[in-house]
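Numbering (this note's numbering), first residue to last: 188 to 863.
Yeah, the Cβ is synthetic: ideal placement off N, Cα and C, and Gly gets one too.
It should be emphasised that the depicted structure is a prediction, and the values quoted were computed from it without experimental measurement.
Below is one structure, written out as structure tokens; the observations come after it.
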């Protein structure tokens, strides 16, 4: 028996340090590393079950070529890496000659959050190739852009300081399922007298843990925040000294907020007027007050503006000046690495190369002028994850589209793959991991030899680059060399003292933040102040101050607004093929208000058809009072493969883009429901 140190690779803010138990060179258990300052020995149930993932009998171990029809899970035949590389490179060269390099397109996201295997050698390869560029905006970009308009960067307070907060608002996040160490810190704060309020569209595990749950209609978060501002300003609960010294645009914001009386906000949001007043008074009289801004509320048409609006609240009461006060949307800036050195955009020979938004994969695969002829999928499962699944799958079925998938398993996307390549787990890779919540960088050294014939993303794209004849100085390098390049980032002073050698010795190092946030040192907006009114937004044709715009859909006459959030035991579609975790989740459910269910003549356990102009899904109802009337919620992205009767919920979601950054609008989906 032996133990090894590892890092959780999942797209999760906690980026936990892991303690891995081996027996006979086989991983048999995973727990949290008790020595890590944030992890402190605690991890989620998903990762506790990661040995079943890495040792899964269905793990891909060698390259495969399709010999059966597309749209089916095979049959595939085993081929060698030499055969796979020969076919991939010969097709790429032929397509470049006949149709140009833009006929080739990557499709990836953060199935593995290791910098070198998520956004390293792959970026170099596709830049040098001249392939169609992918705008990877499916998750957090709308909110980040909105937050940056207010604060100037993707940064908030040190997560460890939230133990000092006296009022904690969890806004648009199910942190019990998606940010468990924030729950640990908030629970400690509660022991010290803090109160915790959960603001969301669905009563879930976080609502049960919090002291109070505030149910809000999907997409109306900006209106609620403006209503809170209205009361703060009306009742003199703002910090005039802080506003005068550290902000611009207060008078413009106050004029906008004046239009959002508690009564009007109640009509828009479903939050009673008296609760709007009470929330504002509590926020205006409690310090330090902290807001954890989640990813959920940004997945609307108005998601960027919603986050921008909420980000203004701490400035109104001067919370950035108080330890434990302020907000966190993302803290990725503090450990930001040298992306230019890692990704090498200078290798792209044509700056005008087209860009495709990953939320519009279905549309991209339907382009007739200069069509995409080669799709390279890795770190992602678009046949489950991408919106508007019917159009996506029609595109994947094209006879003239050659698709390569690099993964650990035969996912739903592999139904459409021509070649499938076996990927290593993160346990088998050297890589570096940051967090978008806490402030620690971690080095991961491989604790397993590559299983079977599996290769990492780094190795795959390095070897493809060399076979394509690309420059040795960019491709004939080691992972260690690239990590050193990543750490060499003079633009980020918070990396001071963090070296490869120090990470090897310690495993992790914290960003060199002298205070509780960057905003104690400087406010990195163009004005040098928190921008309650933004000239950049004005020049871009947007409202310079926060405002509320209703969500929309292709058919606004449909009666229900559907929100497709995460569940507790999957992470997007990761883990959705593990039987133990599927048994815990049981089956996909449609959460519906009991009055809506009664009007349709259905009860919990009944099957219904949920549909709109994009498609339909059959699903089981859970009728209760966990959502407001007119709101539906499903949780988790279930594979269709291995789950008879399950359909991709993203059949219903739209390729429409959010108001900022090209973000996704998964949660602004209008549907109707029919009893079966």
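Item                                                                                                                              : Value
C-alpha distance - residue 213 paired with residue 252, whole-angstrom precision                                                  : 29 Å
Segment contact flag, the segment 642-659 with the segment 307-326, C-beta cutoff 8 Å, min 3 pairs                                : yes
Which of helix, strand or coil DSSP assigns to residue 537                                                                        : coil
Where residue 230 falls: helix, strand or coil (DSSP)                                                                             : coil
Other residues of its chain near residue 640: CB distance less than 8 Å, five sequence neighbours each side excluded              : 248, 249, 250, 268, 609
Local conformation of residue 687 per DSSP, three classes                                                                         : helix
Spatial neighbours of residue 757 in its chain, beta-carbon cut-off 6 Å, leaving aside the 5 residues before and after            : 763, 823
Length of the line joining the Cα atoms of residue 512 and residue 381                                                            : 12 Å
Simplified DSSP assignment, three categories, for residue 632                                                                     : coil
Beta-carbon gap between residue 502 and residue 613 smaller than 8 Å                                                              : no
Whole alpha helix (DSSP H) elements within the segment 473-510, 4-residue minimum                                                 : 490-503
Strand pairing of residue 822, partner residues [DSSP]                                                                            : 752
Residue 313, DSSP secondary structure in three states                                                                             : helix
Residue 850 burial status per 10 Å Cβ neighbour count (16 or more: buried)                                                        : buried
Exposure label - residue 332; buried when at least 16 CB within 10 Å                                                              : buried
Buried versus exposed, by CB contacts within 10 Å (16 or more), residue 545                                                       : buried
Boundaries (first-last residue) of the beta strand (DSSP E) holding residue 265                                                   : 263-265
Where residue 279 falls, given that 16 or more other Cβ within 10 Å makes a residue buried                                        : buried
Check: residue 236 C-beta below 7 Å from any heavy atom of the ligand PLP                                                         : This structure lacks the ligand PLP, and indeed carries no ligand of any kind.
Coil, strand or helix - residue 471 by DSSP                                                                                       : helix
Three or more C-beta pairs below 8 Å linking the segment 733-740 and the segment 355-367                                          : no
Local conformation of residue 585 per DSSP, three classes                                                                         : coil
Residue from 393, 722, 662 whose Cα sits closest to the Cα of residue 530                                                         : 662
Identity of the residue in 781, 707, 776 nearest residue 804 by Cα                                                                : 776
Given 8 Å, three or more beta-carbon pairs between the segment 779-791 and the segment 717-734                                    : no
Cα-Cα separation between residue 192 and residue 759, rounded to whole angstroms                                                  : 25 Å
Cross-strand partners of residue 205 (DSSP beta bridge)                                                                           : 193, 219
Bridge partner(s) assigned by DSSP for residue 520                                                                                : Bridge partners of residue 520: none, in fact.
Coil, strand or helix - residue 705 by DSSP                                                                                       : helix
Closer than 8 Å to chain D by CB, residue 859                                                                                     : Of the protein chains in this structure there is only one, and it is not chain D.
Residue 398 (DSSP reduced to helix, strand or coil)                                                                               : coil
Beta-carbon contacts of residue 241 that lie in its chain and below 7 Å, excluding the five residues immediately before and after : 214, 612, 614
Chain-order list of residues whose beta-carbon lies under 8 Å from that of residue 700 (same chain, five-residue window excluded) : 345, 521, 626, 681
Burial state of residue 204, where buried means 16 or more other Cβ atoms lie within 10 Å                                         : buried
Three CB pairs or more closer than 8 Å across the segment 214-232 and the segment 560-578                                         : no
Cα-Cα separation between residue 412 and residue 441, rounded to whole angstroms                                                  : 12 Å
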